[in-house]
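> Take 6 as the starting number for the sequence shown in this note's numbering and just add one per residue.
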Amino acid sequence: MNLKHIMAVVLSLLFTNLFAQSEPNQIRLLDLETAMPIVEATFKYGSQTGISDNKGVISFRYDEEKNMTLSHINYGSWIIDANALLKAMEQEVHYRQKLTMNLYPVTVIGVKKQNEQPDESLKIEYSDRMEHDGAQILNQLPAFNSIRKGGNYGFDPVFRGFKYDQLNVVLNGAQSTTAACPNRMDPPTSQMAPNMMDRIEVLKGPYALRYGTGFGATINFIPAKLRFTSEPDIYGRLSTGYESNGDILRGESQLGLSGEKHDISLFASWSQGNDYKAGNGETVQADFQRGSFGADLGFKIASNQQVRISALYNRARDADFPALPMDLREDDTWLFNARHDIQLNRNKLQSWNTTLFGSFVDHLMDNLLKPLDPRMLNAATTAKTYNYGGRTEGIWRLNKGTLYAGADLRIEGAEGIRVREFLMGSNAGNIFEDNAWQDGRIGKTGVFSEYQIKGASLNYILSGRLEINNADINDPSEEFTQIYSETKATQFNPGLSFGILKDFGTSISTGLWLGRVQRSGSLTERFINYFPVGQDPFEMLGNPQLNPEVNNQMDVTFKWMPSERTAINIDVFVSYLQDYISSIIDPNLDPRLPISPDVRQYINIDNAFKTGFEINWSQRLFARLQHQLGIAYTYGQDLERDEPLPQIAPLDLRYSVFGSYLDNKLLPELMFRYVSEQSRVSNEFGETVTPSFALLDFKIGYNISDKLTLNSGVYNILDENYYEHLNRSVRGTNEPIFAPGRNFFVNLNFTF
6 MNLKHIMAVV LSLLFTNLFA QSEPNQIRLL DLETAMPIVE ATFKYGSQTG
56 ISDNKGVISF RYDEEKNMTL SHINYGSWII DANALLKAME QEVHYRQKLT
106 MNLYPVTVIG VKKQNEQPDE SLKIEYSDRM EHDGAQILNQ LPAFNSIRKG
156 GNYGFDPVFR GFKYDQLNVV LNGAQSTTAA CPNRMDPPTS QMAPNMMDRI
206 EVLKGPYALR YGTGFGATIN FIPAKLRFTS EPDIYGRLST GYESNGDILR
256 GESQLGLSGE KHDISLFASW SQGNDYKAGN GETVQADFQR GSFGADLGFK
306 IASNQQVRIS ALYNRARDAD FPALPMDLRE DDTWLFNARH DIQLNRNKLQ
356 SWNTTLFGSF VDHLMDNLLK PLDPRMLNAA TTAKTYNYGG RTEGIWRLNK
406 GTLYAGADLR IEGAEGIRVR EFLMGSNAGN IFEDNAWQDG RIGKTGVFSE
456 YQIKGASLNY ILSGRLEINN ADINDPSEEF TQIYSETKAT QFNPGLSFGI
506 LKDFGTSIST GLWLGRVQRS GSLTERFINY FPVGQDPFEM LGNPQLNPEV
556 NNQMDVTFKW MPSERTAINI DVFVSYLQDY ISSIIDPNLD PRLPISPDVR
606 QYINIDNAFK TGFEINWSQR LFARLQHQLG IAYTYGQDLE RDEPLPQIAP
656 LDLRYSVFGS YLDNKLLPEL MFRYVSEQSR VSNEFGETVT PSFALLDFKI
706 GYNISDKLTL NSGVYNILDE NYYEHLNRSV RGTNEPIFAP GRNFFVNLNF
756 TF
């Protein structure tokens, strides 16, 4: 090759490299919740500045090791560090959450890759996507515990002593489900498929009123983000896992096809398990089978509009519930959801979104799997519920802040018949039918608004909600109408909250939150018809004449972040409850079953009181180690009966230390949990003292490649024999449902 040819090649390579360097990089700024573009966000990157266009795109030239600062009135100011910027450039997208969620006292449980340690108080790994119950993920937070009636299924979450309909459980801010089982074998959290979720937002207290009446908290399950790509792309993942104690097999998968104007994703998961061994070697009935199959379809119908349609089918079979008179035999649930988003970006009106949803549960339970000796009767209950409605909301940019306003509608109902076939005794050969729900129906129509003001040193947020609650039964039973001649009720439930936040420099921030909301009784509290659905064996009788219960609450929050290496979060709350919905034994009522000791009737008690705190401390240590401490405690008192409120979990402490080695490939973690004795028990509801316990867990992850991850470990290393305070007793005994003993696990995840 002569000199001319060599020079030509060198010059060609040089100019090609210079031209490539001169080409600007582009990143799309998208809303974390809706995946809609963030328009008119300003950025500063070294000496470069700019603003995002109507597609949310910013253009810049990469400058190695520099951070980028961005700002938007609805999203605040934030910094993308050099490493995160490289990742955003590779993916050509960066997500940002609206400022409103950062203002609330909130815990965000976000999905992460195995090699990323998050800033939140809880890490969610790919193994969590294989969970068949959303409450299992919530239980990793010390402030959460669950009412356990089955070995491995149907965990009913409790937060700060608030439970059932006191917790507003929603999917993407709008949709929920209604438990078809009177005993809540299928609470709403059990119908949220973790493998279709991006994150869970726990909005503490009665302050976030846009998504419904969050009496004690709002638990918002956010689906996976839509991913529109400039070029056609196929993506997905495949995960599988095994647990030794109970022979639990799990698997989940996703397959997606994306393009500039579409994102089509299919999901599937399956879990099954058998009885497990407690720490004392005792066998606990825990058989279950559970599958979830779903589709998520996103379409960009214009540059500023998108439509999202999703469908989810949950299938459960033969789940053991040793604390209940029946087991789950079949549960088939469908969830449908359609949402439209439009970015308007007018002078004041910025965007509008509308959601329509429907949830339908078909549930069968019976006692045919129960080892009864002698078997006095066969019993089965077929129940169906529906929960449908819609929500619409607009966002306005005003002179001093942002206004959210809208309306929603939710209609729910339940029907179910229990069939009892007597095999022995004087009624042998006779069949009786009991009307569980009496075709009860509740309609909730609400209007809401939220105004955020961001000042120079103070931030304010004011929320209001007015809800009209209409309730009645369409198939009343004779024994019910003998007690209540009037079953129809219309109630007006106002709610109001106010928050103020103050930053002291860059390291300290504080918040004060005040709220008053009221909630009408649920389908169970109003219309259940002589069914043992409480924590004791008494039959429960609903009360359609219940007054709405009221929660007057205050939260004080404190966050101290003296450096990037450590952060402390403290939240103290006080709650004064009026017309608190509880129950009382009525000796004048006769139970329907001879084995029931008596009948409890739902009533309002004048007042009750709760207080407590949550503390979270995280810190980076030496030798590539980090540790995290979480503590939660709730105190509850029935001021009318002058005794502790029932079903209040004791102090819960979680501590973990974890590291990252071999270029973030090897990730060990050691976890310790201590739960104190619960001696504050309710005599009215027959509670007994629960002893303290301590657990030690270990897990290790290894990133074989960017696409393949292996996790393994052991839960309850010391084989501790224990049970949670909220665990129910095995039916017909005083023995609680013990938790699993030592449990080895392994799981494998592949992404593409």
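Each residue gets a CB set at the ideal place from its N, CA and C atoms; glycine is no exception.
Using beta-carbon positions only, say whether PRO553 and PHE532 come within less than 8 angstroms of one another.
no
> If I'm right that ARG605 touches ALA328 with Cβ under 8 angstroms, what's the distance once you round it to whole angstroms?
Contact flag wrong, Cβ pair sits at about 17 angstroms.
> Straight-line CA distance for LEU349 to SER514?
33 angstroms
> Going by DSSP in three states, LYS507 sits in which element: helix, strand or coil?
strand
> In chain order, what residues of the same chain lie with their CB nearer than 6 angstroms to the CB of PRO696, ignoring the 5 residues before and after it?
GLU682
> Keeping to the same chain, check which residues put their C-beta closer than 7 angstroms to that of SER151; ignore five residues upstream and five downstream.
ALA140, ASN144, PHE160, ASP161, PRO162, VAL163 and LEU731
> What does a CB cutoff of less than 8 angstroms around SER734 pick up in its chain, not counting 5 residues either side in sequence?
ALA328, GLU740, PRO741 and ILE742
> Measure the C-alpha to C-alpha separation of LYS670 and TYR707 and round it to an integer number of angstroms.
5 angstroms
> In the structure shown, what three-state DSSP assignment does ARG134 receive?
helix
> Taking one C-beta from the region 206-225 and one from the region 517-524 each time, how about it: are there three or more such pairs within less than 8 angstroms?
yes
> Just to confirm before moving on: does the CB-CB distance between ALA40 and LEU302 stay below 8 angstroms?
no
> Specify whether the region 329-336 and the region 373-387 touch according to this definition: at least 3 beta carbon pairs, one from each stretch, less than 8 angstroms apart.
Yes, the region 329-336 touches the region 373-387.
> Enumerated in chain order, which unbroken segments of the beta strand (DSSP E) with a length of 3 residues or greater are wholly contained in the region 295-346?
Note on the region 295-346: whole beta strand (DSSP E) runs with a minimum of 3 residues are 310-324, in chain order.
> For GLU472, is the classification buried or exposed, using 16 other Cβ atoms within 10 angstroms of its Cβ as the cut-off for buried?
buried
> Between which two residues does the beta strand (DSSP E) harbouring THR218 extend?
First-last for THR218: undefined, no H or E at that position.
> In terms of DSSP beta bridges, what is GLN751 paired with?
With the sequence shown as reference, residue 751 is identified as Val, and Gln is not the correct amino acid for it. Answer is TYR247 and SER717.
> Cβ atoms of ASN157 and GLN291: under 8 angstroms apart, would you say?
According to the sequence as given, residue 291 is Ala; it is not Gln. Yes, Cβ-Cβ distance for ALA291 and ASN157 is below 8 angstroms.
> Looking at the secondary structure, which residues open and close the alpha helix (DSSP H) in which THR571 lies?
Here THR571 belongs to no alpha helix (DSSP H); instead the beta strand (DSSP E) covers 571-590.
> Give me whichever residues DSSP pairs with ASP439 in a beta bridge.
ARG423
> For PRO567, count neighbouring Cβ atoms within 10 angstroms of its own Cβ and tell me buried if that reaches 16, exposed if not.
exposed
> GLY51 and ASP68 - do their beta-carbons sit closer together than 8 angstroms?
Going by C-beta atoms, ASP68 is nearer than 8 angstroms to GLY51.
> Smallest Cα separation from VAL694: which of PRO649, GLN457 and THR390?
PRO649
> Could you check the C-alpha separation between GLY363 and TYR393 for me, to the nearest Å?
4 angstroms
> Would DSSP call ASP477 helix, strand or coil?
strand
> Hey, how far is the Cα of GLN259 from the Cα of GLY296?
14 angstroms
> Out of ALA87, GLU70, GLN102 and VAL289, state which residue places its alpha-carbon closest to the alpha-carbon of SER76.
GLN102
> Is DSSP giving GLY737 helix, strand or coil here?
coil
> Where does the unbroken beta strand (DSSP E) through THR639 begin, and where does it stop?
According to the DSSP assignment, THR639 belongs to the beta strand (DSSP E) that extends over 630-643.
> Label PHE509 either buried or exposed according to how many other C-beta atoms from any shown protein chain fall within 10 Å of its C-beta, with 16 as the threshold for buried.
exposed
> Does the Cβ of GLU663 have 16 or more other Cβ atoms within 10 Å, making it buried, or fewer, making it exposed?
One detail in the question is off: residue 663 reads as Phe in this sequence, not Glu. So PHE663 counts as buried.
> Within the same chain, show all residues whose beta-carbon is closer than 6 angstroms to that of PRO192, passing over the 5 residues directly before and after it, in chain order.
ASP161 and ALA184
> If I'm right that LEU34 touches ALA46 with Cβ under 8 angstroms, what's the distance once you round it to whole angstroms?
5 angstroms
> Nearest-angstrom Cα distance between LEU340 and PRO228?
13 angstroms
> Drop a sphere of 10 angstroms on the beta-carbon of ALA89, count the other beta-carbons inside from all chains shown, and report buried for 16 or more, exposed for fewer.
exposed
> If I measure Cβ to Cβ from THR738 and keep anything under 6 angstroms in the same chain, skipping five residues before and after, which residues do I get?
When the five nearest sequence neighbours on each side are left out, no beta carbon in the same chain lies closer than 6 angstroms to the beta carbon of THR738.
> Helix or strand or just coil, what does DSSP make of VAL116?
Here VAL116 scores only 48 on pLDDT, less than 50, and its place in the model is too uncertain to base an answer on.
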